[in-house]
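Remarks on the structure that follows.
Protein chains: 2
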Amino acid sequence: MQKKIWLPENEMPTHWYNVVADMPNAPAPPLGPDGQPVGPDALSAIFPQAIIEQEMSAERWIKIPDEVREKLLLWRPTPLVRATELEKALGTPCKIFFKNEAVSPAGSHKPNSAIPQAYYNKQEGVKRLITETGAGQWGSSLALAGNMFDLDVRICMVKVSYDQKPYRRLLMQTWGGNVFASPTDMTQVGRDVLTKDPDSQGSLGIAIAEAVEEAGGNPEANYALGSVLNHVLLHQTIIGQEAKKQLEMVGEYPDMVFAPSGGGSNLGGLAFPFFADKAAGKDVRLVGVEPTSCPSLTKGEYTYDYGDSSGLTPMMKMYTLGHDFMPPGIHAGGLRYHGQSALVSQLHHEGLLEAMAVGQTETFEAGVLFARTEGIVPAPESNHAIAAVIQEALRCKETGEAKTLLFNLSGHGHFDMSSYDRFFKGELEDYEYPEEAIKASLATLPKF
Amino acid sequence: MQKKIWLPENEMPTHWYNVVADMPNAPAPPLGPDGQPVGPDALSAIFPQAIIEQEMSAERWIKIPDEVREKLLLWRPTPLVRATELEKALGTPCKIFFKNEAVSPAGSHKPNSAIPQAYYNKQEGVKRLITETGAGQWGSSLALAGNMFDLDVRICMVKVSYDQKPYRRLLMQTWGGNVFASPTDMTQVGRDVLTKDPDSQGSLGIAIAEAVEEAGGNPEANYALGSVLNHVLLHQTIIGQEAKKQLEMVGEYPDMVFAPSGGGSNLGGLAFPFFADKAAGKDVRLVGVEPTSCPSLTKGEYTYDYGDSSGLTPMMKMYTLGHDFMPPGIHAGGLRYHGQSALVSQLHHEGLLEAMAVGQTETFEAGVLFARTEGIVPAPESNHAIAAVIQEALRCKETGEAKTLLFNLSGHGHFDMSSYDRFFKGELEDYEYPEEAIKASLATLPKF
């Protein structure tokens, strides 16, 4: 039996798949503060034209530029792996496959979108890209991508992470990225924060506001976002397309597809190409797995909310915990977001995509079992999908169902070992975000 | 043009290649303190019979057990990659290929030997494996392997690394390894050291002595070594065999083969299968690349010396700087060894394998250029091979020679980012180990 299924390089997808073309209803548009739909012009200060077109597009297939494919070939197609050793340890009748996105230079799926974003900005004469990063997965991917197309990349890294996670900061610097501890003194937002509190440890909300301010005020600079938006999910669909081809090579098709669910790029990337089949009548279940501490899909409300915590961005119709949601300090940094991609949200709202929440301790238990069977130490985000797959595989062991399960191993945990340390020491908490807090936060929103 | 060359799983080598069969002269035997050759019995207290047989064997091909192949398939065959982006950056007429051993779960080539060692010990009823580790590459690989065959793995980690490199320690713990800061109070050696100096920071010499003492005193425990010995190099020849097949798939053969050279497992693993062709008349140059701070092949003497710094092991005929050589605190921990594999040493002595030394700063410059072109951040050890390849590629740019160059990317640098930090801060030193110190150290040795 084959352990790893390799797709030949010349079969790497040539187009991204746009799920909008197959959704039963058109996506709800983003709205401005006046409650009116936001047009492309509002975005042109911070995004290149090609990205704005993708954000608004309803075309089913969008061509991947040759220059982007050439760079993706550094590590793509990624392997699809049969988790034989995990199957044995569980004693399950299920077949478990995972798509290994951890093999990218940055160690996660994030470069799949960072590279086209850098490319389109370069094409349109942009000299500098600015972004924010929490734990550093997206920041390191954009540093890698910016270096490929000779762009100056500036990363506002939340100060507490800047100080506590020096390794991922160094990774960005190795690829030539300029990393700043946010709040910085380069922006008005940053200076205001520092005036009030010179010892501020920063937050993702402040870092986003700083990045957007600097990008908006400089005609040669743009902003880049690593999840949530339609174009980001579009770029990630290369994952699911490859997985479909690879499963086909061994005569398989998944009954269920699992991915961690934070801003949606991980989930959309793997699941949307399977949604195309589901829309055509195929029986396949798509499942987003989120933390119980940040349960936007399972406990949030489907309503218009801001994309950022400061209320600067247009409002999107999405599952949200309220934009002033204060995420507890859980270790899956990539899943600490108050909202959810509008596309994922709409599909979930329409009953076409499921969601479940898993507690933090269970996710690390799953990750350690995975490391001790399949070898790879997963990122804390990926542990959510693994925990869900293990639940299903053990359920099937009871019922005797021999399902085919597929999940996204979105990244490795080499830069997250301190989180494993806290798990081994029994210091991790299983935080359930209180429903009253969600209600109180959502009550402050304007209703459209 | 193909970027990555994948070998199908069913073409992964079924046998290890034993270079002894093709060496023009039989290997010089290891000697005991009396100057007499050491027989298999002397090793049986700490090694299983199958390993001792391999250590002494002159058979050309030794079968890889099916159970070992099954585990190696978790990540093998590893990709052979054409370093197209590095070639462009250098503007060289050369073709540069690298074998990417960084894709293993432990992030280096070390599991190639850890897995068979764990397997043979399990087969012979051993319950516990004990080893030492400096920076942690070998310790993490043995933890991974021990977990696969349900062995208790104990790792004596040099205390200064235990304290300063918690991430790699956590990696060992994730795979179930028991890590102890050496000196420990579990052994006589450790207790003696602690009595004299309760604050001892440890050394690799102390850690080896502790591991050997504990393994020798427990009939259910054995010792495992990650480099230097014949059987370790044997297990690593899967690297070069795969690389040959992969080059053949694209119609190439290397003019020169480069690998970092510390204890010899990296170099022997890639180069020995090409030596088989060289012995049959093929024109191929094999080059070991070592640090100027630890120049055993380029400045050491070819003589009998102890394998460890305390003089406990049998003596081997090898290039050595003297077993009481004090390696400076360079950042390629895997290359800080006073001696060199007896097999590599003999081939070098007979003019069949070349060696060169590179300064530390140049190796990190090479690693950063590699990361900024090919994406992957290399281990400091691997940077030595990259620096040598860059030297040759630039030399060929001058002369117009279009050579095919192959090197071993033996590991990634995800757990070595603090070394990159010191490089970026300009804090790395280019240490040249003084020849007088080598002479003084070697003068103390008995001559055989």
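Going down the list, the protein sequences come from chains A and B.
UniProt numbering puts the first residue of the first sequence at 1, with every later residue one more than the last.
UniProt numbering puts the first residue of the second sequence at 1, with every later residue one more than the last.
Backbone N, C-alpha and C fix where the C-beta goes; we use that ideal spot for every residue, glycine too.
Would you say residue i and residue j are within 8 angstroms of each other, going by their C-beta atoms?
| i | j | result |
| --- | --- | --- |
| B/PHE47 | B/TYR306 | no |
| B/MET356 | B/VAL287 | yes |
| A/ALA83 | A/ILE115 | no |
| A/VAL103 | B/VAL103 | yes |
| A/PRO27 | A/ILE238 | no |
| A/SER182 | A/GLY190 | yes |
| A/SER211 | A/GLU132 | Checking the displayed sequence, the identity of residue 211 of chain A turns out to be Ala instead of Ser. Yes, they are a contact pair. |
| B/HIS384 | B/GLY269 | no |
| B/ALA366 | B/ILE330 | no |
| B/ILE51 | B/TYR120 | yes |
| B/ARG169 | B/VAL160 | no |
| A/LEU297 | A/SER265 | no |
| A/TRP138 | A/GLY226 | yes |
| B/ALA271 | B/GLY240 | yes |
| A/GLY205 | A/SER309 | yes |
| B/SER441 | B/LEU353 | no |
As a quick exercise: from the options, pick the residue whose alpha carbon is nearest that of residue i.
| i | options | result |
| --- | --- | --- |
| A/TRP16 | A/ALA357, A/ASP66, A/GLY322 and A/ASP308 | A/ASP66 |
| A/HIS349 | A/LYS317, A/GLY107 and A/ALA366 | A/LYS317 |
| residue 450 of chain A | A/ALA181, A/ARG154, A/VAL193 and A/ASP192 | Residue 450 of chain A is absent from the structure shown; chain A starts at 1 and stops at 448. |
| A/ARG76 | A/GLN123, A/ALA118, A/LEU7 and A/GLY262 | A/LEU7 |
| B/LYS439 | B/PHE325, B/TYR420, B/ALA211 and B/ASP416 | B/PHE325 |
| B/ASP163 | B/LEU142, B/ALA279 and B/ALA135 | B/ALA135 |
| A/ALA387 | A/LEU90, A/GLU429, A/ALA207 and A/GLN340 | A/LEU90 |
| A/LYS95 | A/PHE424, A/LYS245, A/GLU429 and A/LEU405 | A/LEU405 |
| B/PRO30 | B/LEU151, B/GLY139, B/TYR304 and B/ILE130 | B/TYR304 |
| A/VAL358 | A/GLY35, A/TYR337 and A/ASP430 | A/ASP430 |
| A/ASN10 | B/SER309, B/GLU9, B/TYR253 and B/LYS4 | B/LYS4 |
| A/GLU220 | A/GLY281, A/ILE208, A/LEU129 and A/ARG285 | A/LEU129 |
| B/GLN360 | B/SER419, B/GLY351 and B/THR320 | B/SER419 |
| A/ASN25 | A/GLN201, A/LEU343, A/LEU72 and A/GLY426 | A/LEU343 |
| B/TRP175 | A/GLY375, A/GLY39, A/THR444 and A/GLU432 | A/GLY375 |
| A/GLY426 | A/GLU362, A/THR399, A/THR444 and A/GLU436 | A/GLU362 |
| B/ILE208 | B/THR184, B/HIS231, B/ASP199 and B/THR195 | B/THR184 |
| B/ASN147 | B/MET315, B/LYS71 and B/GLN201 | B/LYS71 |
| B/GLY263 | B/TYR253, B/THR292 and B/TYR319 | B/TYR319 |
| A/ASP283 | A/LYS403, A/ARG395, A/ALA42 and A/PRO446 | A/LYS403 |
| B/ALA215 | B/GLN201, B/PRO198, B/THR187 and B/VAL228 | B/THR187 |
| A/PRO260 | A/ARG372, A/PRO105, A/SER44 and A/PRO295 | A/PRO295 |
| B/GLY411 | B/VAL126, B/SER382 and B/LYS447 | B/SER382 |
So residue i and residue j are in contact, right, with Cβ under 8 angstroms, and what is the actual spacing, rounded?
| i | j | result |
| --- | --- | --- |
| B/GLY413 | B/PRO434 | The pair is not a contact, with the Cβ atoms about 29 angstroms apart (cut-off 8 angstroms). |
| B/LEU171 | A/VAL377 | 7 angstroms |
| B/PHE275 | B/LEU347 | 7 angstroms |
| A/GLU248 | A/THR78 | Actually they do not touch by this definition, with Cβ atoms about 16 angstroms apart. |
| B/LEU409 | B/ASN112 | With a Cβ gap of about 14 angstroms, B/LEU409 and B/ASN112 do not count as contacting. |
| A/HIS323 | A/GLY311 | 6 angstroms |
| A/LYS122 | A/LEU151 | 6 angstroms |
Which two residues bound the contiguous alpha helix (DSSP H) that contains residue i?
| i | result |
| --- | --- |
| B/ASN266 | 265-279 |
| A/TYR162 | 159-164 |
| B/TYR420 | 417-424 |
| B/PRO116 | 111-123 |
| A/ARG395 | 380-399 |
| A/ILE376 | Unbroken run through A/ILE376: none, as it is neither H nor E. |
| B/GLU53 | 49-56 |
| B/LYS447 | From DSSP, B/LYS447 is part of no alpha helix (DSSP H); its letter is neither H nor E. |
Taking the beta strand (DSSP E) that residue i belongs to, which residues open and close that run?
| i | result |
| --- | --- |
| residue 456 of chain A | The question about residue 456 of chain A has no answer here: the residues shown for chain A are numbered 1 through 448. |
| A/MET315 | 315-320 |
| A/MET256 | 256-260 |
| A/GLU354 | 354-358 |
With 8 angstroms set as the bound, which would you pick, yes or no: does the beta-carbon of residue i sit closer than that to a beta-carbon of chain C?
| i | result |
| --- | --- |
| A/HIS384 | Annotation note: the requested chain C is absent from the structure, which comprises protein chains A and B. |
Chain-ordered residues of the region 152-183 of chain B with a beta carbon less than 9 angstroms from chain A: PRO166, TYR167, ARG168, ARG169, LEU170, LEU171, GLN173, THR174, TRP175 and GLY176
Contact set between the region 340-372 of chain A and chain B, restricted to residues whose Cβ is under 8 angstroms from the partner: VAL368, ALA371 and ARG372
Chain A contacts from the region 400-422 of chain B (Cβ-Cβ distance under 9 angstroms): HIS412, GLY413, HIS414, PHE415, MET417, SER418, TYR420 and ASP421
Chain B contacts made by the region 235-262 of chain A, where a contact means CB separation under 8 angstroms: none
Near-chain A residues of the region 63-93 of chain B (beta-carbon distance less than 8 angstroms), N- to C-terminal order: LEU73, LEU74, TRP75 and GLU85
Near-chain A residues of the region 424-437 of chain B (beta-carbon distance less than 7 angstroms), N- to C-terminal order: PHE424
Interfacial residues, the region 34-51 of chain B to chain A, with Cβ spacing under 8 angstroms: none
Positions along the region 2-34 of chain A whose CB lies within less than 9 angstroms of some CB in chain B: GLN2, LYS3, LYS4, TRP6, PRO8, GLU9 and ASN10
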